[in-house]
Structure formats: C-alpha cells, structure tokens
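In what follows, a single structure is set out as structure tokens and then discussed.
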Amino acid sequence: MQEKRTRIAPSPTGIAHIGTAWQALFNLALARQSGGQFVIRIEDTDRKRFVPEAEALIYEGLAWLGIPYDEGGVKGGPFEPYHQSDRLDIYQEYAQKLIDNGWAYYCFATPEELEQMRKDQIARGELPRYDGRWRDADPAEVKKRLDNGDKHVIRLKVPKGRVIGWHDLIRGDVEFQSDLIDDQILMKSDGFPTYHLAVVIDDHLMQITHVLRGEEWISSTPKHLLLYEAFGWEPPEFAHMPLIRNTDKSKISKRKNDVSILSYREKGYLPEAVINFIALLGWSHPEGKEVFSLEEFLQVASLDRVQKTGPIFDVERLNWYNGYYIRKMVEEKGLAELGRKLMAYGFVDFDFPMDVLEEVLALVYERMVTLADFAELTDFFWHEVEVDPKLLLKKADATLVKMQLSLTKAFLETIAWKTENIEQAIRGLCEQKEYKKSQYFMMLRVAITGKTATPPLFETMAVIGHDEVLARINKAIKLVEGADAS
RNA sequence: GGCCCCAUCGUCUAGCGGUCUAGGACAUUUGGUUCUCAUCCAAAAGAUCCCCGGUUCGAAUCCGGGUGGGGUCACCA
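According to my numbering, the first sequence is numbered sequentially starting from 1.
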C-alpha cells in the first residue's frame, strides 16, 4: 500500500475551529492506515487577519482532543519550514518560474482600479471578473513599469477552452470549464503568495499525496490543478469532505454555533465524547457502532463511508455522548478519576469540602451531562440553601408540615449518622404516622436541599451531616411558622 | 446571478436493483424500577426514501429533468 502523506493547513486567524479537528481526524486516519505521515502546516500568508495566539490555540485544541500529528506544527520535520510566512523566498522563486515559462504574468492594476472595473461590469449586467487587461500586455510596457518599481501582482494565465477535471475520492468525477476561471492572483503586491500558489507549492514540496479538505475548496481545485500542470508536477489525489452546518443548514459559523474546540473543554465536555460525536458527522462506522474510541476510529475510518451531504452540528447528541462518557469513566476508572478531571478543569470550587468529594460524586455523576453541571448539582451539599415555603406547603397544610418536620427532627436527633439509620428512622416515622410518601419525602427534600430534584434523600442527608441537616430542618420549621402567620 | 456540490424520520445515519410494509442512535412520548430527578430496562410515535419522468420483471438504490438546500465567484484562507 502506498504510504499516504496528508495534512491540515489551518490559518491562524482566531480560534481553533472544530471543523479543523474534524478534518484532522480523517487526514490522520488516512496517513496512519497506510504507514504514512500526517502533517500540520500553518498557512499564515494573510497578514491582515493574522492573530498571534491563534497557532498555539490550534495545537492546544488538537492536543486536548488527543489528535496527534507526525510533522510540522511545533515538531518540525524533514520539510521545514512548516510556516508559509517562512517560505516566502520559495514562493518567489517558483512564481518567477511561472513568469518565465509563460504560465503567469504581471498585472499592474490597482485594487481601486479593479474595484471600479467590477462596478462597471455589474452596472452593465455582466458578472464581475478580471478582464485580463494585463494578460497580453506589451513586454516593453511591462518592463518599463517593473523598472519603475510599480506595485504589481502576479496572475495565473488560465488557458482558454479547457475542461479541467479530477476524480474526487469522495465525490467522483468533477469538471470545470477553464473559461469560467479568473486569472487568479498568485503573488500579492506585498510579496506574499496567495493561498492558491502557496498550497500547491507546499503540498508538492512536502510530498503530500492526498489532499483531504472541505467542500468549500472544490471550486478552487481546478486552479490548483492548473498550477500543478504549469509546474509540470504530478497532482495529489483530492477528496472533498462535506461542510458541517448550523441548524439552518448554512456552513457552520461562529455566530450561530460554538465552533471553538477549546470552548468545549471550558463547558465541561470530555475529549472522547467530542471525538466520538464529530467522528460520526458525515461518516458511519462500518459495523454501525455508535460508540467507539479515537483509536478504533483511526483503524476503521475510510473515505468510502464519508457522506456527501453536510451534517448539522446537533449539540443534543453531543450532550448524550458526554453524559455517557462520564458514566463510562466512573465505571471503568472510578470516582477518583472523575474527581481529578473536575479539579483539573476547574469545576470544583476552592472551598468545596474535599473530604466528601467522592461521596458526593457517587450521588451525582449519573446526573451530569457536562462537568460544569457539578456546581449546580452539588451546591446544596455545602452551601446555605434558599427554601421556598410554597414548595414546602405544596401538598399539605402548615400544621401538618410543621408536625412532620418536628417529628423528623426528633427521630433523627440521636441516631448514629449513617444512611441505613437515617432511612430506618424516616421510613419508620412515615409508616407510623401514615404520611403520604410522595408528599412527605418531597417536603423533606425541599426543606433540606431547597430543590425538588436531587439525589436520593437518605444518602444526601448522610453526606450533608447530622448537625447541618437538623439546622436546616429547624430553619424550615421557622419558615413554615412564618408562612402560616402571614 | 454564473459555476460547482448535494438531497432517507426533527437530528446523526444504515441502505450500494429484489431480503425495505426502510434498520439503528440522539431527541420526543409512554410504561417499569423508585422518595423526586437522573441512570437503567421496555415500548410507542416519527420518513409519500424532495418531485416528475425514464431504464428494468422489479428502484430509496441506475439515468434525465425539475425543485430545494449548500458552497464558491477577493491582492481571505
């Protein structure tokens, strides 16, 4: 099997994007399965949108998800440098070759001039495009402008009347008419290459064999193919993944979705849940499995099971995975592991009573969707609780409730503080006085936790502690008296 | 608008000419367990397989057209 060299080529323009991680997954799988390498190259040729911290965020995001790479990034490798901004002289050199062999030409049109040109075209009802005004310019004139040091770009001389096609590994045969392709800018006037030039040169020089990227690049591919031809290079295989979408089916965006990898960490998602979830976006496991690890994915992933339709990013499903993986973690590695994760990600308040952390976790872990849920699920264990008297009196009058609370207090006063004893005392009281279970338990739950939904009462009380429970019951009694008086 | 890509339950998807009265998962609803919630278990509901033609004995699956959605048309990637 041919060793496949694949890559992702993110731009450091802001956040580490979830789509980048998704793409990385499939690129990695392809490389791994063939014994090849997966490369990270940083495409930082756009100085206007450059964000200094962005690159580090990309590495951090991928590292958090556990997605490794073989070359580039902070690792380097045999094809250095892996930052396009460090490869300017290379692009310069190759652009010159294209000028020399007639595949490219200088264009001295200013941005303002081109803007005017487009306006005119639109006014005339034409579609805006470069009109080729410098395509066949007089060489003498070009030389004069060059000698004069006039600002210029270098454009690709797209041949006329050609059909440019390729066999896409995901989509099959795709074809474009060359006449519809603009004479693409290859070199900007600031001496930086455009994406199109840089990506082709780098992919070739770095010996990338398979370009697996998003569908948004599909209409750029013919331009790239032309460049391979212009250089006389063998093009790589191309495969275009569908685009992950917002709920309204548009391409997934910051505005309508959370697309930052790291923000999922901040929100309390587990990397294995995120991985499992995104792996199943536009792809299905050959055995129909819904739950599997990154390792397993890397072994069984294949392009022929990649769907052509853009999947919608559905957080509900991610939530299910997250709850599932939290439970799985506890079952396989114990509560301590959950505790460590919670601490590591900063979801445990500094004044939380650590000695009862595991006891508390045992009671709430099945109820957690994200790690961030820990706070809300557990605040009443160690915080003052706010009790709504209306909830206390929902299904019984004040006289009865007050009696129930007082008796409960009496029954609990002297017992040895253990779950079984608490249960025995309370159930005993309940039977003896023939309280309606649903009313009595709920009332007591509210009195002690302030909430209507909590872990089982007896265990909860056991963790909260004897003195605190009695204090809360006392408070509830006063509350009921107050409500009764008014 | 031109060009290109795409089209199965609300969502993620299985399906690659007959085994499909279309299967699974999430979400939803109901029942069971239970002191509530959650977990767990069971069940239900949910898709004219976008529409119309064609090919075929036979189409969700192949072909054509339509419609719808998406992407792209920058000195951004």
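We put the CB at the ideal spot given by N, CA and C, even for glycine.
Owing to the predicted nature of the structure, the values given are computational and were not obtained by experimental measurement.
task = Taking only runs that begin and end inside the segment 273-361, name each unbroken alpha helix (DSSP H) of 4 or more residues, in chain order.
result = Entirely contained in the segment 273-361, the alpha helix (DSSP H) runs reaching 4 residues are, in chain order, 294-300, 315-333 and 335-344.
message = Checking the sheet assignment: what are the DSSP bridge partners for Glu-112?
response = According to DSSP, Glu-112 shares a beta bridge with no other residue.
inquiry  = Tell me the residue span of the beta strand (DSSP E) that contains Ile-154.
reply    = 153-156
query = For Leu-169, which of Asp-379, Gln-307 and Thr-454 has the nearest alpha-carbon?
reply = Gln-307
key: Classification of Leu-318 by the beta-carbon crowding that lies within 10 angstroms, buried from 16 upward   = buried
message = Determine whether the beta carbon atoms of Ile-473 and Leu-405 lie at a separation below 9 Å.
response = yes
task = Pick helix, strand or coil for Ile-438, following the three-state DSSP scheme.
result = In the sequence under discussion, the amino acid at residue 438 is Ser, which differs from the Ile named in the question. If DSSP states are grouped into helix, strand and coil, Ser-438 belongs with the helices.
query = Quick one, are the C-beta atoms of Ile-42 and Gln-84 less than 9 Å apart?
reply = yes
request  = Assign Lys-188 to one of three DSSP states: helix, strand, or coil.
outcome  = coil
Nearest to Gly-172 (by Cα), restricted to the options Leu-156, Pro-389, Asp-351 and Leu-303 = Leu-303
inquiry  = The beta strand (DSSP E) that contains Val-211, what's its start and end?
reply    = 210-214
request  = Go ahead and label Phe-549 buried or exposed: buried means 16 or more other beta carbons lie within 10 angstroms of its beta carbon, across all protein chains shown.
outcome  = Since the first residue of the chain shown is 1 and the last is 486, residue 549 is not available in this structure.
ask   = Which runs of the beta strand (DSSP E) spanning at least 3 residues fall entirely within the segment 60-138, listed in chain order?
value = 104-107
message = Rounded to whole angstroms, what is the Cα-Cα separation between Ala-239 and Leu-281?
response = 16 Å
inquiry  = Just to confirm, is the Cβ distance from Val-387 to Gly-450 under 9 Å?
reply    = yes
query = Should Gly-191 be labelled buried (16 or more other beta-carbon atoms within 10 Å of its own) or exposed?
reply = exposed
ask   = Going by Cα to Cα distance, which pick from Ile-67, Leu-270 and Ala-198 is closest to Thr-45?
value = Ala-198
query = Between Ile-8 and the rest of its own chain, which residues show a CB-CB distance below 7 Å, the 5 nearest in sequence each way excluded?
reply = Here the set comprises Thr-20, Gln-23, Ala-24, Asn-27 and Ile-40.
ask   = Does the beta-carbon distance from Lys-409 to Met-443 come in below 9 Å?
value = no
ask   = What are the boundary residues of the alpha helix (DSSP H) that includes Ile-244?
value = Run containing Ile-244: none; DSSP gives neither H nor E here.
request  = May I ask which residues mark the beginning and end of the alpha helix (DSSP H) holding Ile-40?
outcome  = Under the DSSP assignment, Ile-40 falls outside any alpha helix (DSSP H), being part of the beta strand (DSSP E) whose first and last residues are 37-40.
ask   = On the premise that Pro-235 lies in contact with Tyr-228, defined as a C-beta separation below 8 Å, what is that separation, rounded to the nearest angstrom?
value = 4 Å
task = Put Thr-6 into one of helix, strand or coil per three-state DSSP.
result = strand
ask   = Between the segment 351-366 and the segment 327-342, are three or more C-beta pairs nearer than 8 Å?
value = yes
inquiry  = At a threshold of 8 Å, does Pro-78 count as lining the ligand SAH (C-beta to nearest heavy atom)?
reply    = Within the structure as shown, the ligand SAH is missing, as the structure has no ligands at all.
query = Quick one: what's got a C-beta closer than 7 Å to Trp-233's C-beta in the same chain, skipping five residues either side?
reply = Same-chain partners within the cutoff: His-204.
key: Glu-488 versus Pro-52 - alpha carbon distance   = No statement about residue 488 is possible, as the shown extent of the chain runs from 1 to 486 and does not include it.
Short Cβ contact (9 Å threshold) for Leu-186 with Val-153 = A Cβ-Cβ contact shorter than 9 Å links Leu-186 with Val-153.
request  = Could you name the residues of the same chain whose beta carbon sits closer than 7 Å to that of Ile-201, not counting the 5 residues immediately before and after it, in chain order?
outcome  = Ile-90, Tyr-91 and Tyr-94
query = Which residue or residues does DSSP assign as beta-bridge partners of Val-259?
reply = DSSP, once it has assigned bridges, lists no residue as partnering Val-259.
request  = Measure the alpha-carbon distance for Phe-411 versus Val-401 and round it to whole angstroms.
outcome  = Rounded to whole angstroms, the gap between the alpha carbons of Phe-411 and Val-401 is 15 Å.
key: Opening and closing residue of the alpha helix (DSSP H) in which Trp-217 lies   = No alpha helix (DSSP H) contains Trp-217, which DSSP labels as neither H nor E.
query = Rounded to a whole number of angstroms, what is the C-alpha to C-alpha distance between Ile-448 and Leu-377?
reply = 14 Å
key: Val-259, buried or exposed, once every other Cβ within 10 Å from all chains shown has been counted against 16   = buried
request  = Assign Arg-213 to buried or exposed, taking buried as 16 or more other Cβ atoms, counted over all protein chains shown, within 10 Å of its Cβ.
outcome  = By the 10 Å Cβ count, Arg-213 comes out buried.
ask   = Is DSSP giving Glu-173 helix, strand or coil here?
value = Rather than Glu, the amino acid found at residue 173 in this sequence is Asp. Asp-173 falls in the strand class under three-state DSSP.
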